[in-house]
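Novice: I have a structure I would like to understand better, so I am pasting it below and will then ask my questions one at a time.
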Amino acid sequence: MSRLDSFIRRMQAQRDCLNHLAAPVRELTGPILEVGLGNGRTYDHLREMFPGRAIHVFERAVRAHPDCVPPEEFLFLGDVRESIPVARAKLGPGAALIHSDLGTGDQAANTELGRWLGPALDTLLAPGGYVVANQKLDVARWVRLPDPPGVPADRYFLYRAAS
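Every letter in the sequence shown is one number past the one before it in the working numbering, and letter 128, counting from 1, is 333.
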(Lines of atoms letter the chains of each structure in order from A and count residues from 1; the text may use other names and numbers.)
(Lines give C-alpha, C1' and ligand atoms only; values in the text may rest on other atoms or scores of the structure.)
Protein backbone atom coordinates (compact mmCIF):
# COMPACT_ATOMS: atom_id res chain seq x y z
CA MET A 1 0.00 0.00 0.00
CA SER A 2 1.36 3.43 -0.88
CA ARG A 3 2.01 5.97 1.86
CA LEU A 4 -0.76 8.12 0.38
CA ASP A 5 -3.29 5.28 0.58
CA SER A 6 -2.14 4.49 4.12
CA PHE A 7 -2.57 8.15 5.13
CA ILE A 8 -6.06 8.27 3.63
CA ARG A 9 -7.09 5.08 5.44
CA ARG A 10 -5.71 6.47 8.72
CA MET A 11 -7.61 9.75 8.31
CA GLN A 12 -10.83 7.92 7.42
CA ALA A 13 -10.45 5.68 10.46
CA GLN A 14 -9.77 8.68 12.68
CA ARG A 15 -12.84 10.54 11.40
CA ASP A 16 -15.07 7.47 11.60
CA CYS A 17 -14.00 6.74 15.20
CA LEU A 18 -14.59 10.32 16.33
CA ASN A 19 -17.96 10.47 14.56
CA HIS A 20 -18.92 7.13 16.11
CA LEU A 21 -18.42 8.53 19.61
CA ALA A 22 -19.93 11.99 19.01
CA ALA A 23 -23.39 11.20 20.40
CA PRO A 24 -22.23 9.49 23.61
CA VAL A 25 -19.64 12.23 24.24
CA ARG A 26 -22.36 14.88 23.90
CA GLU A 27 -24.11 13.17 26.84
CA LEU A 28 -21.11 13.92 29.08
CA THR A 29 -19.94 17.15 30.61
CA GLY A 30 -16.31 18.20 30.56
CA PRO A 31 -13.83 19.39 28.01
CA ILE A 32 -12.46 17.71 24.91
CA LEU A 33 -8.68 17.21 24.72
CA GLU A 34 -6.75 17.07 21.45
CA VAL A 35 -3.29 15.61 22.04
CA GLY A 36 -1.25 16.45 18.96
CA LEU A 37 -2.51 19.40 16.91
CA GLY A 38 -0.50 18.74 13.75
CA ASN A 39 -1.90 21.02 11.07
CA GLY A 40 -5.23 21.32 12.87
CA ARG A 41 -7.57 19.21 10.73
CA THR A 42 -8.84 17.07 13.61
CA TYR A 43 -9.10 20.09 15.94
CA ASP A 44 -11.26 21.77 13.29
CA HIS A 45 -13.41 18.64 13.03
CA LEU A 46 -13.84 18.52 16.81
CA ARG A 47 -14.91 22.20 16.86
CA GLU A 48 -17.55 21.39 14.27
CA MET A 49 -18.73 18.29 16.14
CA PHE A 50 -18.87 19.97 19.56
CA PRO A 51 -19.69 23.66 19.02
CA GLY A 52 -19.32 25.76 22.14
CA ARG A 53 -17.40 23.02 23.97
CA ALA A 54 -14.00 23.75 25.52
CA ILE A 55 -11.33 21.99 23.46
CA HIS A 56 -7.86 21.99 24.99
CA VAL A 57 -4.93 21.20 22.72
CA PHE A 58 -1.47 19.79 23.42
CA GLU A 59 1.28 20.49 20.88
CA ARG A 60 5.05 20.68 20.97
CA ALA A 61 5.18 23.65 18.58
CA VAL A 62 2.24 25.08 16.66
CA ARG A 63 2.53 24.69 12.89
CA ALA A 64 -1.18 24.43 12.13
CA HIS A 65 -3.18 26.30 9.54
CA PRO A 66 -3.92 29.74 11.03
CA ASP A 67 -7.68 29.03 11.05
CA CYS A 68 -7.05 25.90 13.14
CA VAL A 69 -5.02 27.26 16.02
CA PRO A 70 -6.82 27.23 19.37
CA PRO A 71 -6.99 30.33 21.55
CA GLU A 72 -3.93 30.65 23.76
CA GLU A 73 -5.87 29.86 26.95
CA PHE A 74 -6.78 26.43 25.48
CA LEU A 75 -3.26 25.55 24.31
CA PHE A 76 -0.70 23.52 26.27
CA LEU A 77 2.62 24.05 24.50
CA GLY A 78 5.70 21.87 24.85
CA ASP A 79 6.52 18.22 25.25
CA VAL A 80 3.50 16.24 26.52
CA ARG A 81 5.61 14.75 29.31
CA GLU A 82 5.78 18.28 30.73
CA SER A 83 2.44 19.73 29.58
CA ILE A 84 0.16 16.91 30.76
CA PRO A 85 1.11 17.42 34.44
CA VAL A 86 0.44 21.17 33.97
CA ALA A 87 -2.95 20.35 32.45
CA ARG A 88 -3.73 17.95 35.28
CA ALA A 89 -3.19 20.75 37.80
CA LYS A 90 -5.33 23.15 35.76
CA LEU A 91 -8.10 20.86 34.48
CA GLY A 92 -8.17 17.84 36.79
CA PRO A 93 -9.69 14.51 35.72
CA GLY A 94 -12.75 15.75 33.87
CA ALA A 95 -12.27 15.25 30.12
CA ALA A 96 -15.24 13.73 28.31
CA LEU A 97 -13.11 12.84 25.26
CA ILE A 98 -9.40 12.64 24.64
CA HIS A 99 -8.16 12.25 21.08
CA SER A 100 -4.48 11.33 20.90
CA ASP A 101 -2.56 11.30 17.64
CA LEU A 102 1.09 11.26 18.65
CA GLY A 103 4.08 9.40 17.37
CA THR A 104 6.74 9.17 14.74
CA GLY A 105 7.92 6.63 12.23
CA ASP A 106 10.00 4.99 14.99
CA GLN A 107 7.93 2.06 16.31
CA ALA A 108 10.16 1.48 19.36
CA ALA A 109 9.87 5.15 20.39
CA ASN A 110 6.10 5.05 19.82
CA THR A 111 5.76 1.94 22.00
CA GLU A 112 7.76 3.59 24.79
CA LEU A 113 5.66 6.76 24.51
CA GLY A 114 2.47 4.69 24.61
CA ARG A 115 3.50 3.00 27.86
CA TRP A 116 3.79 6.41 29.47
CA LEU A 117 0.95 8.12 27.61
CA GLY A 118 -1.97 5.90 28.60
CA PRO A 119 -1.54 6.33 32.37
CA ALA A 120 -0.78 10.05 31.89
CA LEU A 121 -3.96 10.62 29.88
CA ASP A 122 -5.93 8.64 32.44
CA THR A 123 -5.21 11.39 34.99
CA LEU A 124 -7.17 13.81 32.75
CA LEU A 125 -10.10 11.54 31.85
CA ALA A 126 -13.46 11.69 33.59
CA PRO A 127 -15.13 8.50 34.80
CA GLY A 128 -17.10 7.23 31.79
CA GLY A 129 -14.99 9.38 29.43
CA TYR A 130 -13.76 8.22 26.04
CA VAL A 131 -10.33 7.97 24.41
CA VAL A 132 -9.64 7.71 20.69
CA ALA A 133 -5.98 7.01 19.95
CA ASN A 134 -3.73 6.17 17.05
CA GLN A 135 -1.87 3.64 19.18
CA LYS A 136 -2.72 0.93 21.66
CA LEU A 137 -2.79 2.22 25.23
CA ASP A 138 -2.91 -0.02 28.27
CA VAL A 139 -4.81 1.40 31.24
CA ALA A 140 -6.46 -0.85 33.81
CA ARG A 141 -9.72 1.12 34.13
CA TRP A 142 -10.22 1.51 30.37
CA VAL A 143 -12.32 -0.92 28.35
CA ARG A 144 -11.46 -1.25 24.70
CA LEU A 145 -14.50 -0.61 22.52
CA PRO A 146 -15.28 -2.37 19.24
CA ASP A 147 -14.15 -0.70 16.04
CA PRO A 148 -16.87 1.19 14.19
CA PRO A 149 -18.09 -0.44 10.97
CA GLY A 150 -15.56 -0.07 8.19
CA VAL A 151 -12.58 0.71 10.43
CA PRO A 152 -9.88 -1.95 10.00
CA ALA A 153 -8.85 -3.78 13.18
CA ASP A 154 -6.08 -2.04 15.12
CA ARG A 155 -6.02 0.96 12.79
CA TYR A 156 -7.34 3.15 15.59
CA PHE A 157 -8.18 2.40 19.21
CA LEU A 158 -11.31 3.37 21.16
CA TYR A 159 -11.59 3.14 24.94
CA ARG A 160 -14.01 4.06 27.67
CA ALA A 161 -13.03 4.65 31.28
CA ALA A 162 -14.94 2.78 33.96
CA SER A 163 -17.54 4.96 35.67
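Ideal Cβ placement from N, Cα and C applies to all residues, glycine included.
Please name the residue, chosen from A301, Y361, A325, that lies closest to R258 on a Cα-to-Cα basis.
Specialist: Of the listed residues, the one whose Cα sits closest to R258 is A301.
Novice: In whole angstroms, what separates the C-alpha of L296 from that of E239?
Specialist: One C-alpha to the other measures close to 14 Å.
Novice: Let me know the secondary structure DSSP gives S305 once reduced to three states.
Specialist: Correct three-state label for S305: strand.
Novice: Kindly provide the ranges of any beta strand (DSSP E) runs that are 3 or more residues long and lie completely inside the region 239-288, ordered along the chain.
Specialist: If we require 3 residues or more, the beta strand (DSSP E) runs fully inside the region 239-288 come out as 260-264, 280-282.
Novice: Counting C-beta neighbours from all protein chains within 10 Å, is the total for A331 16 or more, i.e. buried, or is it exposed?
Specialist: By the neighbour-count rule (16 or more Cβ atoms within 10 Å), A331 is buried.
Novice: Quick one: what's got a C-beta closer than 7 Å to G308's C-beta in the same chain, skipping five residues either side?
Specialist: Closer than 7 Å at Cβ, skipping near neighbours: N315, L318, N339, Q340.
Novice: Determine the direct distance from the alpha carbon of R320 to that of A313, and round the result to whole angstroms.
Specialist: For A313 and R320, the distance between alpha carbons rounds to 11 Å.
Novice: For T328 and A367, I'd like the C-alpha separation in whole angstroms.
Specialist: For T328 and A367, the distance between alpha carbons rounds to 13 Å.
Novice: Quick one: what's got a C-beta closer than 6 Å to A218's C-beta in the same chain, skipping five residues either side?
Specialist: Taken in chain order, the residues that qualify are V356, R360, Y361.
Novice: Could you give the DSSP three-state label for G334: helix, strand or coil?
Specialist: Note: G334 maps to strand in three-state DSSP.
Novice: May I ask you to list the residues that DSSP assigns as paired with Y364?
Specialist: Note: Y364 sits in a beta bridge opposite V336, R349.
Novice: Checking the sheet assignment: what are the DSSP bridge partners for I237?
Specialist: Paired residue(s): I260, L302.
Novice: In angstroms, rounded to a whole number, what distance separates the CA positions of F281 and V262?
Specialist: Cα to Cα, the separation comes out at about 6 Å.
Novice: Quick one: is G334 buried, meaning 16 or more other Cβ sit within 10 Å of its Cβ, or exposed?
Specialist: G334 should be labelled buried.
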